[in-house]
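For reference, the structure discussed in these notes is given below.
Number of protein chains: 2
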Amino acid sequence: MKTKSFSDMQCSIARTLDHVGSWWSLLIIRDAMMGARRFKHFQRNLGIAKNTLTSRLNDLVAGGILERVPAADGYAHEEYVLTERGRDLAPVIIALGQWGDKWVAHEKGPSTVVTVRESGEPLPRIWPRRADGELLALNEVGMRWANGAGPITETQEKEDPS
Amino acid sequence: MKTKSFSDMQCSIARTLDHVGSWWSLLIIRDAMMGARRFKHFQRNLGIAKNTLTSRLNDLVAGGILERVPAADGYAHEEYVLTERGRDLAPVIIALGQWGDKWVAHEKGPSTVVTVRESGEPLPRIWPRRADGELLALNEVGMRWANGAGPITETQEKEDPS
Chain L
31 MKTKSFSDMQ CSIARTLDHV GSWWSLLIIR DAMMGARRFK HFQRNLGIAK
81 NTLTSRLNDL VAGGILERVP AADGYAHEEY VLTERGRDLA PVIIALGQWG
131 DKWVAHEKGP STVVTVRESG EPLPRIWPRR ADGELLALNE VGMRWANGAG
181 PITETQEKED PS
Chain U
31 MKTKSFSDMQ CSIARTLDHV GSWWSLLIIR DAMMGARRFK HFQRNLGIAK
81 NTLTSRLNDL VAGGILERVP AADGYAHEEY VLTERGRDLA PVIIALGQWG
131 DKWVAHEKGP STVVTVRESG EPLPRIWPRR ADGELLALNE VGMRWANGAG
181 PITETQEKED PS
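Chains as they are written, first to last, in the numbering used here: chain L, 31 to 192; chain U, 31 to 192.
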């Protein structure tokens, strides 16, 4: 559980987490990517309490991740579809799933399979690459503080007199 | 806040979230990737309550994401370093940060910059690609239920008689 809002933090990771809302929200986004549009479908698949689901859906709409649209079949209920910024979370969702497939897989196997649609082959691991597509080792990826943030260790303080 | 454990869920995304623990855990992992090793450095950078940090660090050690090692400088305190499975969360952390940079950036700019170390150029967006490195559009990525899970909508029920 969050004990304070991350929205004032400068870090884009913290800001994303604040914006997305909760673990449940990530699973709702996953289900929307899998084709769920209706309250009852999210509810059935997640086994989530209705008031919790209502709250999370409202937050995701307020955050611009989902939007409400009229039902495709003309019925009175509304449906939920991902916005552009919601769809743009696909790398996060897929990366979480690929890590879980590798390290904490369920004994029955994963419940979803992500593929290159054309070939049906499993999607290669989402991983840092150069612009030309060449894979990078993690020690070829640099992470540094910027815009007045950090440093957080004495070593970094000594190296960076600012 | 989670209202039930995700550990029984078959979905690798849910299992990952259960294993990682909380939003705070992801920020602790981020700081470890940035070079933080000591309790006081995590505490200072995150502005997190000490008992919360203790709890999150214990969970991350129990989950095999972090491990405790003797202090590098020979002092009595222990330090925390990422395990192989912890380092393997890099795509998740970087993808969260890149989404935040794009959609919910702080007015002062992002607090961390991720680069291709050799060139110093910003790391290209982590994104689904073919094995040869070619970028995929999201509609070229397939997601389907497997191993007895789903479907969650009537349309999918009709398409899949299982």
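The C-beta atom is built at its ideal place from N, Cα and C for all residues, glycine as well.
- If you keep only unbroken beta strand (DSSP E) runs of at least 3 residues inside the segment 116-147 of chain L, you get 142-146.
- For chain L, the residues of the segment 36-64 of chain U that bring a beta carbon within less than 9 Å of one of its beta carbons are PHE36, SER37, ASP38, MET39, GLN40, CYS41, SER42, ILE43, ALA44, ARG45, THR46, LEU47, ASP48, HIS49, VAL50, SER52, TRP53, TRP54, LEU56, LEU57, ARG60, ASP61, MET63 and MET64, in chain order.
- Residues of the segment 139-158 of chain L that bring their beta carbon within less than 9 Å of a beta carbon in chain U comprise GLY139, PRO140, SER141, THR142, VAL143, VAL144, THR145, VAL146, ARG147, GLU148, SER149, GLY150, GLU151, LEU153, PRO154, ARG155, ILE156, TRP157 and PRO158, in sequence order.
- In this structure, the beta-carbon distance from U:LEU83 to U:ASP61 does not fall below 8 Å.
- In the DSSP annotation of this structure, the continuous segment of the beta strand (DSSP E) that includes L:MET173 starts and ends at 171-175.
- Taking 8 Å as the upper bound for CB-CB distance, L:THR145 and U:TRP175 are not in contact here, some 12 Å apart.
- As computed with DSSP, L:TYR110 is found in a beta bridge with L:ARG98.
- In this structure, the beta-carbon distance from U:GLY51 to U:LEU90 falls below 8 Å.
- Less than 8 Å separates the beta-carbon of U:LEU126 from that of L:LEU47.
- Contact check for U:HIS136 and L:GLN40: beta-carbon distance about 4 Å, within the 8 Å limit, so the pair qualifies.
- Per DSSP, reduced to three states, the secondary structure at U:LEU90 is helical.
- The beta-carbon of L:PRO121 is placed less than 8 Å from the nearest beta-carbon of chain U.
- With a threshold of 16 other beta carbon atoms within 10 Å, L:LEU57 meets it and is buried.
- Under the DSSP definition of a beta bridge, U:ARG159 partners with U:LEU165.
- In the DSSP annotation of this structure, the continuous segment of the alpha helix (DSSP H) that includes U:MET63 starts and ends at 53-63.
- In this structure, the beta-carbon distance from L:ILE156 to U:ILE43 does not fall below 8 Å.
- Around the beta carbon of L:GLY178, a 10 Å sphere encloses fewer than 16 other beta carbons of the protein chains shown; the residue is thus reported as exposed.
- Non-local beta-carbon contacts of L:TYR110 in its own chain, meaning distances under 7 Å to residues more than five positions away in sequence, involve ALA62, ARG67, LEU87, LEU96 and ARG98 in chain order.
- Between L:PRO154 and U:ARG159, the C-beta gap is smaller than 8 Å, which places the two residues in contact.
- Inter-residue distance for L:GLU151 and U:ALA92 is about 34 Å (C-alpha atoms, whole angstroms).
- In the assembly as shown, U:LEU165 is an exposed residue. Its beta-carbon has fewer than 16 other beta-carbons within 10 Å.
- Each residue's CA atom was taken as its position, placing L:SER37 and L:HIS49 some 8 Å apart.
- With distances taken between CA atoms, L:VAL171 lies nearest to U:SER149 out of U:TRP53, U:SER149, U:HIS71 and U:LYS70.
- Of all residues in the segment 71-88 of chain L, only HIS71, ARG74, ASN75, ALA79 and THR82 place a beta-carbon less than 7 Å from a beta-carbon of chain U.
- The alpha-carbon of L:PHE69 is positioned some 39 Å away from that of U:GLU114.
- For U:GLN73, the enclosing alpha helix (DSSP H) has its first and last residue at 69-76.
- For U:PRO154, DSSP records no beta bridge to any residue.
- A check of alpha carbon separations from U:ARG117 across L:ASN169, L:SER55 and L:LYS80 identifies L:ASN169 as the nearest.
- For L:ALA102, there are no CB contacts under 6 Å within the same chain when 5 residues up- and downstream are skipped.
- U:HIS107 counts as exposed, since fewer than 16 other C-beta atoms from the protein chains shown sit within 10 angstroms of its C-beta.
- For L:ARG147, the closest C-alpha among the options U:ARG147, U:ALA161, U:ILE78 and U:ASP131 is that of U:ALA161.
- Taking a Cβ-Cβ threshold of 8 Å, the residues of chain L close to U:ALA176 are GLY139, PRO140, SER141, THR142 and VAL143, in chain order.
- Cα atoms of L:LEU119 and U:ASP131: separation of roughly 12 Å, rounded to the nearest angstrom.
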